[in-house]
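Undergrad: Here you go, one structure.
Residue numbers (the numbering used here): 130 to 333.
Here is the structure:
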């Protein structure tokens, strides 16, 4: 929702600058606003460093962007012809990088204090970030479990179930993810084809 608002708002109000849109959004978090601005800036800077190579309609321009995305593809020997974001994602959004974002949200909630509405808005962002972190961890565990090691398979199942439970819990408020639409067993084909990376149904 945050990303959508930051994209759609300038289109609806052409006279507003991006900085004004960010300021308007952050102001809804009360005294937590400075940390929300820092949170947005943190991910904006990371996106610039990541340099995703995808163009319009998912087409690749020349090269792989020259940023963290390309570095991850090379370092982890992923396909350079057409690497899928969801294959590279676990190496980009590491727990260390995610932890810095969680710290900013924790500071925002603390600063919100008795302003329950502002604190609830911070928790909304927290739940979305937690879902994304669990998704990353599940994708990483799925890759490791494909080798058949029993402990790796158990970890994958545990993370899968945690992710499914969190999505069931927050879907009514976030209205984005819903249920998981991919098989629980690592290395299997998807049960059905679904649009959207959040389903994890595009595995091959």
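Beta carbons are placed, not taken as given, at the ideal position from N, Cα and C, and that holds for glycine.
State whether the region 242-253 contacts the region 201-209, with contact taken as three or more CB pairs (one from each stretch) at a distance under 8 Å.
TA: The region 242-253 vs the region 201-209: no contact.
Undergrad: Candidates 194, 253 and 266: which alpha carbon is nearest residue 226's?
TA: Taking only the C-alpha atoms, the option nearest residue 226 is 266.
Undergrad: So for residue 180, helix, strand or coil by DSSP?
TA: Residue 180: coil per DSSP, three-state reduction.
Undergrad: Can you tell me where the alpha helix (DSSP H) holding residue 224 begins and where it ends?
TA: Where residue 224 is concerned, the enclosing alpha helix (DSSP H) stretches over 224-241.
Undergrad: Less than 6 Å between C-beta atoms, sequence neighbours within five positions excluded: which residues of the same chain meet that for residue 256?
TA: Excluding residues within five positions, the ones whose Cβ falls inside 6 Å are 299.
Undergrad: Is residue 286 helix, strand or coil by DSSP?
TA: Reduced to three states, the DSSP call for residue 286 is helix.
Undergrad: Measuring alpha carbon to alpha carbon, tell me which of 147, 261 and 284 ends up nearest residue 272.
TA: Here the closest residue by C-alpha is 284.
Undergrad: For residue 218, name the three-state secondary structure that DSSP assigns.
TA: Helix, per DSSP.
Undergrad: In three-state terms, what does DSSP make of residue 166?
TA: In the structure shown, residue 166 sits in a helix (DSSP, three-state: H, G or I).
Undergrad: Just how far apart, CA to CA, sit residue 293 and residue 211?
TA: If I take the Cα positions, the gap works out to 29 Å.
Undergrad: Tell me the DSSP secondary structure of residue 310 in three-state form.
TA: Residue placement at residue 310 cannot be trusted, given a pLDDT of 47 that sits under 50; what the coordinates show is reported in the next sentence. Residue 310 falls in the coil class under three-state DSSP.
Undergrad: So which of 286, 213 and 221 has the shortest CA-CA distance to residue 175?
TA: Of 286, 213 and 221, the residue nearest in Cα terms is 221.
Undergrad: Run through DSSP, which three-state label would residue 212 get?
TA: Residue 212 falls in the coil class under three-state DSSP.
Undergrad: Measure the C-alpha to C-alpha separation of residue 334 and residue 168 and round it to an integer number of angstroms.
TA: The structure shown has nothing for residue 334, since the chain only spans 130 to 333.
Undergrad: Thinking C-beta only, is residue 289 closer than 8 Å to residue 237?
TA: No, they are not a contact pair.
Undergrad: Reducing DSSP to helix, strand and coil, say where residue 278 ends up.
TA: Residue 278 falls in the coil class under three-state DSSP.
Undergrad: Using CA coordinates, which residue listed in 147, 165, 262 and 137 is at the minimum distance from residue 250?
TA: Comparing Cα-Cα distances from residue 250 to each of 147, 165, 262 and 137, the minimum goes to 165.
Undergrad: Quick check on residue 229: buried or exposed, where buried means 16 or more other Cβ atoms within 10 Å of its Cβ?
TA: Exposed: under 16 other Cβ atoms inside 10 Å.
Undergrad: Does the Cβ of residue 144 have 16 or more other Cβ atoms within 10 Å, making it buried, or fewer, making it exposed?
TA: Residue 144 should be labelled exposed.
Undergrad: Does the Cβ-Cβ distance between residue 295 and residue 263 come in under 8 Å?
TA: Yes; because the gap between Cβ atoms is below 8 Å, this pair is in contact.
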